[in-house]
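J.: This is the structure, below, for whatever I ask next.
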Amino acid sequence: MIRRYTYGTPLPTDAVVKQLNTEPGAPDCLTVSKSTDGTVLSFPLPEEAMLFGLGEQLHGINKRGHLYRSWNSDDPQHTESKSSLYASHNLLLYAGPKRSFGLFVDDPGEVVWDLGYTRMDTAVITVAGGGFDLYVITPEENEGLPLTAMCREFRGLIGRSYVPPRWAMGYLQSRWGYASEEDLVTVARGHRDKHIPLDGICMDIDYMERFKDFTWNREAFPDLPGLCECLKTQHIRVIPIIDAGVKAEEGYDVFDEGEEKGFFCKREDGKDFVTAVWPGESRLPDFFRPDVRAWFGEKYHRLLDAGAEGFWNDMNEPALFYTPEGLRRAYETADALRGALTEYDSSFKLSGAFNALANSPEDYRSFYHTVGDRTVRHDRVHNLYGALMTKAAAEGFAAYRAEKRYLLFSRSSYIGAHRCGGIWMGDNCSWWSHILLHLKMLPSLNMAGFLYCGADLGGFTANTTEDLLERWLQLGVFTPLMRNHSAQHTREQEIYRFSIWEMMRGTLSVRYALIPYLYSELMLSALTDGLYFRPLAFDFPEDRTACHVEDQLMLGTQCMIAPVYEQNAVGRHVYLPCDMLMVRFRTAEDYDMEPIAQGHHWIELKLNEFLLFIRRGCFIPLARPAEYTEAVTTERLRLLGWLNPGEKSTLRFYEDDGVTTQVSLRENEREITIDVGGAVQCDGSVCDTAGLVR
Ligand code: MIG
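Taking my numbering, I'd label the letters of the sequence shown as residues 1079 to 1772.
Below is the structure:
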C-alpha cells in the first residue's frame, strides 16, 4: 500500500507514473514538524531496526548511523567522511522489530538524512524546499517478504526500469585518454588478438573537437562512421561521452542555436548563466524545458548517424569548475590577503578561496530554470538536472528509432531517470575498499529502480594493481554494467597489458557463459519490478546473522555472491543463510561444485578463483563462453544446481532478440524444468544436466 502526503506546493519531478490522491492528515509512522531548515520528518530507531535504500550513497547496506545529504555532487573523493555522491535517490526503507515501512521524499532540492547520527535512537529527515510529496509504503499482509514487496509496490509507482540492449551485458573497455582512431583500434586489437571478450569501447572527452558536444576531432578521427562500421564487424560498439556543459564559441552551431532560441539557463537578470567546464566558458541547457530536451536529444542523432549505439552522460550534476563571479570573489579575497600572509591562517584562506571555486553553493543559487510556467532557482531543483539530461537523450533515441534499444548510462540521476537509462557510480579510486563500496551500492540502486548499473572496474583514479583489477572483475562478472574505466595519467588498465591477462580472460569467460542467465534475471527484474540484487536481509528477515551481512548479495531468484575484496586474501568467510551449491569458478570451463550446508564457512580461494552460490533446489543455466555477446547462444545450456532425488525444479527463463524495444514477458518467457531422475524440458534448447548434483 502506498499513501501520498503533500506538504506545501511541490514542484513536478516526473519521478512517479501513478497519480495518487493526497491523503488528509499525517502518516502514523513518523512525526512531521517545521524548523528553520525546512520540514522535518522524524521517527524512532529502536535498537533492532535496520534502514535500507538511498540508492547511490556511501557507507553500509544498512544505512543506520550516519548523516547523508541528497545533493548531487561531482566529488571524486568517495571517502567515509563524505555525505553525497552524484545522485539523489530519496527512498528509505525501515525494517523494525514490529513493523516495516518505506518513505519516498519526492523533492529535487536538498534533503538531509540524519539516520541515527545526532542521536543513535532517532531518524530525522529534513527537507529544505517549500513543498514536496511524501510517499509512505507499507507492506500488505500475505504479500511475501515485506522488504521485497515494498520495493515492488514502489517500483509500480515509479514505472518500469530501463532495459539496455543485450550487447550492453558484454564487457566494455574505457579510458580517459583514448584520443584517436588508432587508440580505439589498438584497444580492439589488444582484446581480439588475445581472445579477450569485448563488446564495446567508450570514448571519453578526448574524441571531441575541443570538448564540444556532438563534434569529433576530424584529424584524429578522419572517418568516424568508417571506424564504427569496422569495429562493428568485430562486434565492438562505440560509446561516446556527452557532457552537460556546451562550449561558448561563436560558429559552433549547438551554442549558436541555443543562444538564439534562449535555451540556456539564465541568471536573475535574464542574461545567460556563464560557467566553465572542460571546454572553457560554457552554457548549461535548461533541460527542464521539453523543447530544450527535444533540441538537445536530437543532437545525439549525429553520433547515431556515425554509428554509435550507446552514450554516457557526464558532468550533469551539473559540475561547475568556476563562474566569472566566483573567480572575482576569489581574486578579491586574494587581493585582501596580499601582504597579510604573516598571519598563520591566511595561507589557508588564500588556498581555500580558490579551492571553493568548483561547485560552489553560491553559484548554484545564481541561475534559474523554467519549470512549467514557473521560473525556479536552480538550488530548489538541483538534484533533477542530470535526470532531465538523461531524459533528453532517451527522448532523442526514441525520436531516432523508437523500435531500437540504445545503451545509455549517466553519472547524475534522480528517481524517474531509471526509466530512461542506467548509471555508473562515478569517479571511484583504485582502492580495495571501493570494491566493497561498489557491492554495497548495488542493491540500494536496484531498490530505487536503477538495475543497469556498475562502477569503474579496476578503479578510476590512482593506479590499479593486477590483483585489484582481477578481484574487481570477479565482482563485475555479476553487475549488469561491466566496464573497466580509468582516469588520464593513471596506470593503463586494459586487461591485455597485465602479466595475468590469461587469468582475467578466464574470469571474463564466466561472465559470457552466464549472460543468458544474467540477462534473463535483469529482464525479469525490469518486467516484474523485482530486484536483481538484494541484501540477504530481504530474503531471510528472520535470520539475524543474514540480516547483518554487508559483503554478500543475493542475485536473481536463485543465487548469492560473495566476492573477495582484500589484497593478498587466500579466501574469505561466507555465511550461508540456507543450503547452497557452491560453484568455485576459475573459467567458464574450469570450475568445481560442492554442496554446502547453511551456516558459517571459511572458503579458500586462489587469486583466479571466485564464488557463485545457488540455492538448494534451484539451478541456473551456463552457456558456452564467447568473445562477444552475439556469439553467446542458448543452444546448449549446461544446468548447474543441487536437487534432491525425485525433486522437480523450474526456472523462469527470459530470452528475446535483445535489440528491439518490444519487450514482453508473455512472448519471451519460458520455463526450464528439470525432473530429477527424469527428463529436462527446456522448450527448444538442448540442456545438458551433467552439472547437476543430486
Ligand atoms: O572532470 O571526462 O566521471 O568517468 O573519465 C572529470 C573525463 C570528467 C568525469 C567522469 C569520468 C571521465 C572524466 N569526467
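Cβ atoms here follow ideal geometry from the backbone N, Cα and C, with glycine treated the same way.
1. Which class does tryptophan 1294 belong to by DSSP, given the choice of helix, strand or coil?
2. Going by the C-beta, is histidine 1563 closer than 7 Å to any heavy atom of the ligand MIG?
3. If you measure from the CB of phenylalanine 1538, is any heavy atom of the ligand MIG nearer than 7 Å?
4. Where in the segment 1122–1160 do unbroken runs of the alpha helix (DSSP H), each at least 4 residues long, occur, reported from the N-terminal end onward?
5. Using beta-carbon positions only, say whether threonine 1204 and aspartate 1115 come within less than 8 Å of one another.
6. Could you tell me whether any non-hydrogen atom of the ligand MIG is closer than 7 Å to the CB of methionine 1519?
7. Does the Cβ of aspartate 1392 lie closer than 7 Å to at least one heavy atom of the ligand MIG?
8. Hey, quick one: how far does the beta strand (DSSP E) through isoleucine 1236 stretch, first residue to last?
9. Give the secondary structure of tyrosine 1240 by DSSP, where H, G and I count as helix, E and B as strand, and everything else as coil.
10. Compute every distance between the C-beta of tryptophan 1509 and the non-hydrogen atoms of the ligand MIG, then say whether any falls below 7 Å.
11. I'd like the list of long-range same chain contacts for glycine 1649, defined as Cβ closer than 7 Å, with 5 residues on each side in sequence excluded.
12. Identify the residues that DSSP records as bridge partners of tryptophan 1680: which are they?
13. Looking at threonine 1353 and threonine 1401, is the spacing between their C-beta atoms short of 8 Å?
14. Where are the alpha helix (DSSP H) runs, 4 residues long or more, that stay fully inside the segment 1385–1416, in chain order?
15. Is aspartate 1282 a contact residue of the ligand MIG, with contact defined as CB to any heavy atom under 7 Å?
16. So what does DSSP say about cysteine 1498, is it helix, strand or coil?
17. Would you mind reading off the limits of the alpha helix (DSSP H) that contains proline 1439?
18. What residue ranges within the segment 1534–1588 form continuous beta strand (DSSP E) runs of no fewer than 3 residues, ordered along the chain?
19. Residue range of the alpha helix (DSSP H) that arginine 1513 falls in?
20. Give me whichever residues DSSP pairs with valine 1202 in a beta bridge.
21. Is it true that the CB of threonine 1087 sits closer than 8 Å to the CB of glycine 1209?
22. Based on Cα-Cα distance, which residue from Glu1346, Gly1504, Arg1081 lies nearest to asparagine 1394?
23. Below 8 Å, can you find three or more Cβ-Cβ pairs linking the segment 1703–1715 to the segment 1669–1676?
24. Would alanine 1372 be called buried (16 or more neighbouring beta carbons within 10 Å of its own) or exposed?
25. Taking DSSP as the reference, what is the three-state secondary structure of phenylalanine 1210?
26. At 3 residues or longer, and completely inside the segment 1588–1659: list those beta strand (DSSP E) runs for me, N to C.
27. Using only the alpha-carbon positions, how far apart do serine 1444 and methionine 1467 sit?
28. Should proline 1217 be labelled buried (16 or more other beta-carbon atoms within 10 Å of its own) or exposed?
29. Can you name the start and end residues of the alpha helix (DSSP H) that phenylalanine 1333 belongs to?
30. Note the first and the last residue of the continuous alpha helix (DSSP H) segment covering arginine 1380.
31. Taking the straight line between their C-alpha atoms, what separation do you get for lysine 1023 and aspartate 1347?
32. Let me check understanding here. Comparing Cα to Cα, which of Val1627, Arg1694, Leu1129, Asn1140 lies closest to histidine 1651?
33. Assuming the contact rule is C-beta atoms closer than 8 Å, serine 1564 and phenylalanine 1538 should be a hit. Round their C-beta distance to whole Å, please.
34. In chain order, what residues of the same chain lie with their CB nearer than 8 Å to the CB of methionine 1228, ignoring the 5 residues before and after it?
35. Buried or exposed: where does serine 1742 fall if 16 or more other Cβ atoms within 10 Å of its Cβ makes it buried?
36. For a test of your reading of the model: does the CB of aspartate 1657 fall under 7 Å from any non-hydrogen atom of the ligand MIG? Yes or no.
T.: Quick answer:
1. For the purposes of this step, residue 1294 is identified with residue 216 of the sequence shown, where counting begins at 1. Under the three-state reduction of DSSP output, tryptophan 1294 falls in the coil class, being neither helix nor strand.
2. Here residue 1563 corresponds to residue number 485 of the sequence shown, with the count starting at 1. Flag set: Cβ of histidine 1563 near the ligand MIG.
3. On the sequence shown, residue 1538 is found 460 positions in, with the first residue counted as 1. It does: the Cβ of phenylalanine 1538 is within 7 Å (strictly closer) of some heavy atom of the ligand MIG.
4. Those alpha helix (DSSP H) runs which fall completely within the segment 1122–1160 and span 4+ residues do not exist here.
5. Here residue 1204 corresponds to residue number 126 of the sequence shown, with the count starting at 1. Here residue 1115 corresponds to residue number 37 of the sequence shown, with the count starting at 1. In contact: threonine 1204 and aspartate 1115 (Cβ atoms closer than 8 Å).
6. Start at 1 with the first residue of the sequence shown, and residue 1519 comes out as number 441. Not under cutoff, so the answer is no.
7. For the purposes of this step, residue 1392 is identified with residue 314 of the sequence shown, where counting begins at 1. At least one heavy atom of the ligand MIG is nearer than 7 Å to the Cβ of aspartate 1392, so yes.
8. As a working note, residue 1236 is residue 158 in the sequence shown. Element bounds for isoleucine 1236: not the beta strand (DSSP E) but the alpha helix (DSSP H), 1224–1236.
9. Locating residue 1240 in the sequence shown gives position 162, where the first residue counts as 1. DSSP places tyrosine 1240 in coil when its eight states are reduced to three.
10. In the sequence shown, counting from the first residue as 1, residue 1509 sits at position 431. Every heavy atom of the ligand MIG is 7 Å or more from the Cβ of tryptophan 1509, so no.
11. The residue labelled residue 1649 in the question sits at position 571 within the sequence shown. Contacts found: Trp1680, Ile1681, Glu1682, Leu1683.
12. Position 602 of the sequence shown, counted from the start, is the residue given in the question as residue 1680. Answer is His1651, bridged to tryptophan 1680.
13. Mapped onto the sequence shown, residue 1401 falls at position 323. Mapped onto the sequence shown, residue 1353 falls at position 275. Their beta carbons are under 8 Å apart, which means threonine 1401 touches threonine 1353 by this criterion.
14. Qualifying alpha helix (DSSP H) stretches, in chain order: 1402–1415.
15. As a working mapping, residue 1282 is identified with position 204 in the sequence shown. Answer for aspartate 1282: yes, Cβ within range of the ligand MIG.
16. The residue given as residue 1498 occupies position 420 in the sequence shown. Correct three-state label for cysteine 1498: coil.
17. For the purposes of this step, residue 1439 is identified with residue 361 of the sequence shown, where counting begins at 1. Start and end: 1439–1442.
18. 1560–1562
19. The sequence position of residue 1513 within the sequence shown is 435, counting from 1. According to the sequence as given, residue 1513 is isoleucine; it is not arginine. Counted as a single uninterrupted DSSP element, the alpha helix (DSSP H) harbouring isoleucine 1513 occupies residues 1511–1525.
20. The residue given as residue 1202 occupies position 124 in the sequence shown. BP columns for valine 1202 point to Ser1120, Asp1192.
21. Residue 1209 sits at position 131 when you count from the first residue of the sequence shown. Residue 1087 sits at position 9 when you count from the first residue of the sequence shown. Yes, the Cβ-Cβ distance between glycine 1209 and threonine 1087 is below 8 Å.
22. In the sequence shown, the residue the question calls residue 1394 occupies position 316. Closest option to asparagine 1394, Cα to Cα, is Gly1504.
23. no
24. Working through the sequence shown from its first residue, we reach residue 1372 at position 294. Exposed: under 16 other Cβ atoms inside 10 Å.
25. Here residue 1210 is taken as the residue at index 132 of the sequence shown, counted from 1. If DSSP states are grouped into helix, strand and coil, phenylalanine 1210 belongs with the strands.
26. 1631–1633, 1637–1639, 1649–1654
27. Locating residue 1444 in the sequence shown gives position 366, where the first residue counts as 1. Locating residue 1467 in the sequence shown gives position 389, where the first residue counts as 1. Each residue's alpha carbon lies about 20 Å from the other.
28. Within the sequence shown, the letter at position 139 stands for residue 1217. Buried is the call here.
29. By 1-based counting over the sequence shown, the position of residue 1333 is 255. Counting along the chain, the alpha helix (DSSP H) containing phenylalanine 1333 begins and ends at 1331–1339.
30. Locating residue 1380 in the sequence shown gives position 302, where the first residue counts as 1. Per DSSP, arginine 1380 belongs to the alpha helix (DSSP H) from 1368–1383.
31. Outside the modelled stretch of the chain, which goes from 1079 to 1772, sits residue 1023, for which no answer is possible.
32. Mapped onto the sequence shown, residue 1651 falls at position 573. Taking only the C-alpha atoms, the option nearest histidine 1651 is Val1627.
33. Numbered from its first residue, the sequence shown carries residue 1564 at position 486. Numbered from its first residue, the sequence shown carries residue 1538 at position 460. The Cβ separation is near 6 Å, so the contact holds.
34. Along the sequence shown, one-based indexing puts residue 1228 at 150. Around methionine 1228: Leu1171, Ser1178, Phe1179, Gly1180, Ile1215, Thr1216, Pro1217.
35. Translated into the one-based positions of the sequence shown, residue 1742 becomes position 664. Of the residues assessed, serine 1742 falls on the exposed side of the cut-off, its CB having fewer than 16 other CB atoms within 10 angstroms.
36. On the sequence shown, position 579 is the one that residue 1657 refers to. The answer is no for aspartate 1657.
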